[in-house]
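Numbering (our numbering), first residue to last: 72 to 175. Cβ coordinates follow ideal geometry from the N, Cα and C atoms, glycine included. A quick write-up on the structure given underneath.
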Ligand code: HEC
């Protein structure tokens, strides 16, 4: 009993880390980028979740200052990969910054 409960928790965590938000449910260009729908290599959702609420692989991203977001994307803190201008142009980066800024 205890083990199957643990398994369920582990399975749902794994599922939530791997799945982007549904394509149809997104209109914000920043969230589209975040979910890998614009560039396959931009896969923020894998660690932060399709709605940026966080997974076991990465923290939730609500309420951060725009500069903190910019810096994290370019520098890749801790276990996060960094994204340079080839991965994510300045314009694309700003779209993500803008979208995250709408999350409260
Ligand atoms: C492989 C997993 C992974 C991917 C992919 C990833 N991140 Fe992260 N991210 C992390 C982890 C882990 C941290 C926490 C790093 C630390 O402080 O040790 C983090 C931290 C951050 C922070 C800073 C959070 C804070 O509270 O200071 C921001 C902002 C962020 N990520 C945005 C993004 C964006 C935007 C993308 C896509 C362009 C992305 N991340 C892709 C794992 C990831």
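### Query
Per DSSP, what kind of secondary structure is residue 121 in: helix, strand or coil?
Translated into the one-based positions of the chain shown, residue 121 becomes position 50. The answer is coil: DSSP assigns residue 121 none of H, G, I, E or B.
### Query
Mind checking whether the beta-carbon of residue 148 lies closer than 7 Å to any heavy atom of the ligand HEC?
Taking the first residue of the chain shown as 1, we reach residue 148 at position 77. Answer for residue 148: yes, Cβ within range of the ligand HEC.
### Message
So the candidates are 125, 168, 153; which of them puts its Cα closest to the Cα of residue 138?
### Response
As a first step, residue 138 must be located in the chain shown, where it is residue number 67. Selected option, being the one with the closest Cα: 168.
### Query
In this structure, does DSSP put residue 107 in helix, strand or coil?
Position 36 of the chain shown, counted from the start, is the residue given in the question as residue 107. In this structure, residue 107 counts as coil in the three-state DSSP scheme.
### Message
Tell me the DSSP secondary structure of residue 169 in three-state form.
### Response
The residue given as residue 169 occupies position 98 in the chain shown. Looking at residue 169 - three-state DSSP - the assignment turns out to be helix.
### Query
On the three-state DSSP scale, how would you describe residue 96?
Translated into the one-based positions of the chain shown, residue 96 becomes position 25. DSSP places residue 96 in helix when its eight states are reduced to three.
### Query
Contact between the stretch 97-113 and the stretch 138-150: three or more CB pairs below 8 Å?
no
#### Entry: beta-carbon residue 94 near the ligand HEC non-hydrogen atom, thresh 7 Å
Counting from one through the chain shown, the residue named residue 94 turns up at place 23. Outside the cutoff, so no.
### Alpha carbon of residue 93 to alpha carbon of residue 156, nearest angstrom
Along the chain shown, read from residue 1 onward, the residue named residue 93 stands at position 22. Along the chain shown, read from residue 1 onward, the residue named residue 156 stands at position 85. The alpha-carbon atoms of residue 93 and residue 156 are separated by roughly 26 Å.
#### Entry: N-terminal and C-terminal residue of the alpha helix (DSSP H) that residue 128 is part of
For the purposes of this step, residue 128 is taken as residue 57 along the chain shown, with counting starting at 1. Premise fails: residue 128 is in no alpha helix (DSSP H) and is neither H nor E.
### Query
Rounded C-beta distance between residue 113 and residue 154? I'm assuming under 8 Å.
Residue 113 sits at position 42 when you count from the first residue of the chain shown. Residue 154 sits at position 83 when you count from the first residue of the chain shown. Sure, about 7 Å apart at Cβ, within 8 Å.
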